[in-house]
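In my numbering, the protein residues as written are 154 to 280. Beta carbons are placed, not taken as given, at the ideal position from N, Cα and C, and that holds for glycine. Because the structure is a prediction, the values reported are computed rather than measured. Heads up, the thing below is written out as structure tokens.
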């Protein structure tokens, strides 16, 4: 298998490995790890992420938050769909909205902004 994957396994590459555990010999009970695929992580990120859902409580939503989030999304436009989930804690309801016109690139700036602000939760869905 080294010949098949050696081009990917170079120092400095971040890779995504898909593998399965299989019996080494039929009926032996001895298991081995079989590598099914290796891809560069940047390729997986670009091709496998379907959408991001950004959740916020309605009480935390204000003009400044909307402007900050719009600025970051506009500065990181891409092909990942963006969903916004607004949560009303008092009434125990929520609504999820999809942006039809904007897509986003999942950049370090966007993820850092979401993680640094306790008011946000986010979920990344893959296909």
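Is the beta carbon of residue i sitting closer than 8 Å to the one on residue j?
{"i": "residue 257", "j": "residue 231", "result": "yes"}
{"i": "residue 158", "j": "residue 207", "result": "no"}
{"i": "residue 201", "j": "residue 280", "result": "yes"}
{"i": "residue 205", "j": "residue 233", "result": "yes"}
{"i": "residue 226", "j": "residue 218", "result": "no"}
Less than 6 Å between C-beta atoms, sequence neighbours within five positions excluded: which residues of the same chain meet that for residue i?
{"i": "residue 210", "result": "240 and 242"}
{"i": "residue 250", "result": "237"}
{"i": "residue 222", "result": "none"}
Spatial neighbours of residue i within its chain, please: CB distance less than 7 Å, with the 5 preceding and 5 following residues excluded, ordered by chain position.
{"i": "residue 267", "result": "207, 273 and 275"}
{"i": "residue 260", "result": "229"}
{"i": "residue 188", "result": "154, 158, 170 and 172"}
If residue i sits next to residue j, beta carbons under 8 Å apart, how far is it from one beta carbon to the other, in whole angstroms?
{"i": "residue 118", "j": "residue 184", "result": "Only positions 154 to 280 of the chain appear in the structure, and residue 118 is not among them; the question remains open."}
{"i": "residue 278", "j": "residue 203", "result": "5 Å"}
Looking only at its chain, what residues have a beta carbon closer than 8 Å to the beta carbon of residue i, apart from the 5 residues adjacent to it on each side?
{"i": "residue 213", "result": "272"}
Review point. For the region 154-228, which segments carrying the beta strand (DSSP E) assignment without a break, of at least 3 residues, lie completely within its bounds, in sequence order?
Key: Within the region 154-228, the complete beta strand (DSSP E) runs of at least 3 residues are 168-176, 184-193 and 202-210.
Exercise for review: Report yes or no: do three or more beta-carbon pairs, one from the region 247-257 and one from the region 165-182, lie closer than 8 Å?
Suggested key: Not touching, per the Cβ criterion.
Exercise for review: Could you say if the region 187-203 and the region 160-171 meet the contact criterion of at least three C-beta pairs nearer than 8 Å?
Suggested key: The region 187-203, when compared against the region 160-171, does touch it at the 8 Å Cβ threshold.
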